[in-house]
Amino acid sequence: MIGLRPAAGVTRIAALAAHCDDLAIGAGGSLLTVCSARPGVQVDALVLSGGGTEREDEERAALAAFCPGADLRVTVLKLRDGRLPAHWEEAKAAVEELRARTEPDLLFAPFRGDAHQDHRGLAKLVPTAFRDHLALGYEIVKWDGDLAAPSVYQPLTPEIAEAKVELLQQHYASQRHRPWYDREAFLGLARIRGIECHARYAEAFHVNKLTLDLEN
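This is the structure we're talking about:
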């Protein structure tokens, strides 16, 4: 496997999601990894729905746990779940406002091939505001069966993989009733992605554009 490591490291992260728990499911292990390794890293998180409900409380507590020691800033808006296309202007304005206040080294966002219209819509908005940034499109296992072949992997230690599953179960009580929301699903996908990158566990991402600097 070939690994690319940014020479200057990651000091600022932008994390975008359509719903509370999307970030934790899609990139929770990666957030745990980078925040544990780099205390004080700045994380700006934007979630488009769930504001003013128990889901916002869950999200704030969960992201604090997934980003230990980080300079964490969380914004949770009140767009209706499943209605992002009808609130396009509001969603676009929120993404642009996030861009105006951060210059991230790394960005986590939904994958453009995601079958959920809210995830897919947000993924299309990201490059309109973050045009020169490394954006990793995370994946979320679900009924739609939209998992694709990823191109980027973040290996997870067994400890990080287990911690991710435990935090998902601990902080998102409102989601435990869902048939796919369980330990087997989360660890199973992480194990498969680990096999694909010669690791025990991993999270996988999709990249639309990646610029190399082979001189330095």
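The opening residue of the sequence shown carries number 5 in my numbering; numbering runs sequentially from there. All residues carry an ideal CB built from backbone N, CA and C; glycine is no exception.
In this structure, the straight-line span from the alpha carbon of A98 to that of E107 is close to 15 Å.
Taking a cut-off of 8 Å on C-beta distances, the stretch 12–27 touches the stretch 105–122, as three or more cross pairs fall below it. It is roughly 20 Å from the alpha-carbon of G55 to the alpha-carbon of G30. A straight-line Cα-Cα distance of about 5 Å links A74 and G44. Of S40, G13, T15, the smallest CA-CA separation from A167 is found for S40. Under the three-state reduction of DSSP output, L83 falls in the strand class. At a Cβ-Cβ threshold of 8 Å, A95 and L138 do not count as neighbours. In this chain, the beta strand (DSSP E) harbouring P114 covers 110–114.
Taking C-beta atoms as the reference points, A189 and P159 fail to come closer than 8 Å.
Remark: three or more beta-carbon pairs, one from each stretch, lie closer than 8 Å, so the stretch 144–162 and the stretch 185–199 are flagged as touching. Taking the C-beta atoms as reference points, L76 is found nearer than 8 Å to L67.
Taking the C-beta atoms as reference points, R103 is found nearer than 8 Å to A133.
For G33, the number of other beta carbons within 10 angstroms of its own is at least 16, and it is reported as buried.
In this structure L52 is buried. Its beta-carbon is surrounded by 16 or more other beta-carbon atoms within 10 angstroms.
The alpha helix (DSSP H) runs lying completely inside the stretch 27–111 and spanning 4 residues or more are 58–70, 92–105, given in chain order. Rounded to whole angstroms, the separation of the alpha carbons of P72 and L172 is 15 Å.
Ranked by Cα distance from L216, the options E143, G86, D136, V130 are led by D136. Rounded to the nearest whole angstrom, the C-alpha separation of S178 and G13 is 36 Å. The criterion of a C-beta distance shorter than 8 Å is not satisfied by R197 and Y142.
Taken through DSSP and simplified to helix, strand or coil, G141 comes out as strand. Here F134 carries a coil assignment [DSSP, helix/strand/coil]. Annotated three-state conformation of H210 is strand, per DSSP.
Where A18 is concerned, there is no enclosing alpha helix (DSSP H), although the beta strand (DSSP E) around it starts and stops at 16–21.
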